[in-house]
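Report on the structure given below.
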Amino acid sequence: MANIGRRGFVKGATLGVLAFTVGGVEVIMAPGEARARNVPFRLLDAHQAETLESLGETLVPQAREAGIAHYIDQQLSVPPHEALLQARIFNVRPPFADFYRTAIISVDESSRRMFGRDFAQLSATDQREFVGRMRQNKIEGWTGRPGAAVYGVLRADAVDVVYGTMEGYEALGIPYMAHIPPEKRW
Amino acid sequence: MAYEKVDVVIVGAGASGSVYASVLAKAGKKVLLLDSGPDWELSDLISSEIWGRRVKPAGAPILLEGKNPMAYAAQGGWGVGGAALHYFANFPRLLPTDFRMKSEHGRGHDWPISYQDVAPFYDKVAREIGVSGDAKAEEKWRPAGEAYPMPPMKTFRNGDIWMKGFEASGIPMVPAPVGMSSVEFKGRPACLYDGWCHVGCPVGALANPQVTYLGEARKAGAEVRAWSTVTRVLTNQAGTRVTGVEYYDDKHQKQTQEASVVVLAAWSAQNPRLLLNSATDKHPKGLGNASGLVGHFMMSHHVANTWAMFDEDVQNHKGTVAVQYMSYERYPKKSHDGVFGSSFITAGFAVKTADLANSRADLYGPELADYMKRAARNLAGIKAFGEEQPNMENRVELASEKDAFGMPLGRLTHSFDSDAVALWNANLEEGLRIAKASGAKEAWSARGTMPTSHLLGGTIMGTSATNSVVDSYGQSHEIPNLWVAGPGIFPTEGASNPTFTIFALSQRGAERMASQWGTLTN
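In order, the protein sequence lines correspond to chains A and B.
Counting in our numbering, the first sequence runs without a single skipped number right up to 186 at its last residue.
Counting in our numbering, the second sequence runs without a single skipped number right up to 1522 at its last residue.
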């Protein structure tokens, strides 16, 4: 046990970072930084990304800026056994992209039926009302995975990017106290 | 590539498999552990809830059905160390009454052994891997045994603040026994109380397999072959003995590993799946399944979570994810009026930001943001684990759908019966009374989905092939060189966390195997 030290005894090596592709080169950065640098998405199209950002922001303020769409996009591009998404814990069956794709379709279809527009185009008040109904499985004509499941998974993703990072802990005034800190404070 | 025959092949390198590997390798046996996931090292255990998900189940999914589907992926493990790589290391034990449910209450099963048969192995495991606690204090509820090798862990305000409420409710609380180091133990450092136990403790203060049995096994010559997915247990033509296993290696190539003895230690759902998938003309219902009980009597604990906000800063980031206090006061099976089943009460644990958010899963938007700020200072919780009785309908069976290796997926059906629901409700109601008596500013029960915790049964032990799958050591009634290890062999579950008992039963089974080796290989 000689090599096992105390708090923060070793860095997270290359394991604690996410790889984004910029100009054909893999660059290590946090999702919020990827968003700020306008890193292209790997799998999501612009509408899907916009919808995930809107849902994330409605669920947890600051999720958009924290890079929720870039986080989900990057995670969907890695093999399921490497994915860090809460979907894995919620018994969502891989490929996880299917869950997000169908969730976005269900949300938009219901949003258009209720408000005549896609979810991302709704006012903040309508988005909030929609999410509240989705949480309680109270949207008529909803198809696909139950609304409560979509709420649970996306809310967990948003909590991850806003509060699950070292910055998130700092913002709440909680000492992080890592044994092995994730790199890039992620 | 043909591998040399080994004495023992162990399927699964988690809690039970690592004990078998250690005991048998030290006894001079050639031991091979096959695990379907990666070979994690301590330096992989990053302190992050996000990164901690890498050690949760991947690969072929278990299909989850029933009224109360098991939280399989949250509970299970993946890779070397298994679920014990990220377990909380709560080390309470079963009590004598758990071994006699049928005799005492006419329900469920009796174990074919008594508490006294297991007690020496609790003590032995505690000495081997280190347990912190106060055995004397526990002896108000259980027979006397050895003192734990380390004093109790520190407590924190997030645990201490509940004591007034428990006292007012007539529930004595004592230091919880945990598989963690309160002081340096066998070269392993004392705990830092940083609360990252559940994503894997890289420090070595928590007794995960990597720093205990698995390390010992490797030192004694055991081989660990990661990324090796076992799909069948193989038998001789007469069907009287197992001869090894079929598995797919890290390159997805089919391999055969011959062995004198096979130990299935792949957790409660995968062990039955393997036995059922290993059917032959001599064992048409699956190996060891003359009773038709393979896969049946799956059990889980239900958890009554009570959360409360206090006026003061309870420093809920401090401590371990294991609990600080525990009580068996509601353990007698009829503790609550008109309700059946044991309850195991706990208090005081560190929380992370995901826990804060999950403690009010209904909140979102600005309300959640506001709540997170308050919860970061003032939130604390208590938990009561409740017992469910073994039910034949809670089961693992093979699905028609297959995994990447052509093996049928497992389908796990689980529903709590009315006794379990009533017990859960009684525990939630008591939790609110305790919170109020503790001076909480506000308190609430985590209702909604009834939480499942731990997974037991499916290959239960008993006295014969007519009523069970294995004997009290885990040896198949029908095929002497086929053994099953882990919580799957529990015929009833009690209410306390199972891992200490898993270690103790595995130690007992492995020692038996070593002592009876000649009868297994002839």
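Glycine included, each C-beta is placed from N, C-alpha and C at the ideal position.
Closer than 9 Å at the beta carbon, the chain D residues around residue i
i, result
"B/Y1213", "Checking the listed chains, one finds no chain D in this structure; the protein chains it contains are A and B."
Three-state class that DSSP yields for residue i in the structure shown
i, result
"B/V1294", "coil"
"B/V1470", "strand"
"B/F1385", "strand"
"A/S54", "helix"
"B/K1373", "helix"
"B/M1461", "strand"
"B/N1524", "Given that chain B is displayed from residue 1001 to residue 1522, the structure contains no residue 1524 of chain B and the question cannot be resolved."
"A/V76", "Here residue 76 of chain A turns out to be Leu, not Val, going by the sequence shown. Reduced to three states, the DSSP call for A/L76 is helix."
"B/K1026", "helix"
"B/G1108", "coil"
"B/L1409", "strand"
"B/F1156", "coil"
"B/W1424", "helix"
"B/W1162", "coil"
"A/A13", "Confidence is the limiting factor: at A/A13 the pLDDT is only 33, short of 50, which leaves the residue's position unreliable and the question unanswerable from this model."
"A/I68", "helix"
"B/L1274", "helix"
"B/K1056", "coil"
"B/K1282", "coil"
"A/A2", "Annotation note: pLDDT 32 at A/A2 (below 50); position unreliable, coordinate value reported separately. A/A2: coil per DSSP, three-state reduction."
Chain A contact residues for residue i, given Cβ-Cβ distances below 8 Å
i, result
"B/M1180", "Result: empty, since nearest Cβ-Cβ is about 13 Å, beyond 8 Å."
For residue i: DSSP bridge partner residues
i, result
"A/A19", "A/I28"
"B/E1442", "B/M1309"
"B/T1452", "B/H1302"
"B/T1346", "B/M1326 and B/K1383"
"B/T1519", "According to DSSP, which records beta bridges pairwise, B/T1519 is partnered with nothing at all."
"B/G1319", "B/D1194"
"B/N1208", "Partner(s): none; B/N1208 has no beta bridge."
"B/K1402", "B/P1408"
"B/K1005", "Its beta-bridge partners do not exist; DSSP assigns none."
Same chain, Cβ closer than 6 Å to residue i, neighbours up to 5 away in sequence not counted
i, result
"B/G1410", "I1062, A1269, R1273 and V1396"
"B/D1311", "K1441"
"B/E1004", "none"
"B/A1443", "A1308, L1432 and A1435"
"B/S1415", "G1066, K1067 and N1068"
"B/W1111", "F1099 and P1491"
"B/P1487", "S1268, L1456, P1498 and I1502"
Chain-order list of residues whose beta-carbon lies under 8 Å from that of residue i (same chain, five-residue window excluded)
i, result
"B/A1027", "A1514 and W1517"
"B/W1051", "V1199"
"A/E53", "A63, R64, I68, A69 and A120"
"A/R112", "D118"
"A/A2", "Interpretation of A/A2 is limited by its pLDDT of 32, a score under 50 that renders its predicted location unreliable; the figure taken from the coordinates is listed afterwards. Excluding residues within five positions, none has a Cβ falling inside 8 Å."
"A/T51", "I104, V107, D108, D118, F119 and A120"
Contact set between residue i and chain B, taken where Cβ atoms lie within less than 7 Å
i, result
"A/P175", "H1317"
"A/N91", "L1064, Y1072 and A1073"
"A/P80", "A1058"
"A/P61", "G1365, P1366 and A1369"
"A/R35", "Within chain B, no residue comes near A/R35; the closest Cβ sits about 17 Å away, beyond 7 Å."
"A/R128", "G1365"
"A/R88", "R1053, K1056 and A1073"
Cross-chain neighbours of residue i in chain B, by beta carbon under 8 Å
i, result
"A/P182", "I1046, S1047, S1048, I1050 and W1051"
"A/D160", "E1049, I1050 and A1354"
"A/G144", "Going along chain B, no residue has its Cβ under 8 Å from A/G144, so there is no contact; the nearest lies around 18 Å."
"A/L122", "Neighbours of A/L122 on chain B: none; closest Cβ ~14 Å, over 8 Å."
"A/Y163", "T1353, A1354, L1356, A1357 and M1372"
"A/L188", "In the structure displayed, chain A extends from 1 to 186; residue 188 of chain A sits before or after that span and is not available."
"A/Y169", "T1353"
Buried or exposed (CB count within 10 angstroms, at least 16 for buried), residue i
i, result
"B/A1217", "buried"
"B/E1329", "buried"
"A/T125", "exposed"
"B/E1430", "buried"
"A/L48", "The sequence shown places Gln at residue 48 of chain A, not Leu. Its Cβ being crowded by 16 or more others within 10 Å, A/Q48 is buried."
"B/A1238", "exposed"
"A/M134", "buried"
"B/D1370", "exposed"
Proximal chain A residues relative to residue i, where beta-carbon distance stays under 7 Å
i, result
"B/A1376", "L172, G173 and I174"
"B/P1061", "R93"
"B/K1373", "L172"
Contacts that residue i makes with chain B (C-beta to C-beta distance below 9 Å)
i, result
"A/T209", "The question about residue 209 of chain A has no answer here: the residues shown for chain A are numbered 1 through 186."
"A/A178", "I1046, S1047, S1048, D1194 and W1196"
Cutoff 7 Å; reference residue i; Cβ partners in own chain excluding five residues on either side
i, result
"A/V159", "V60"
"B/P1120", "none"
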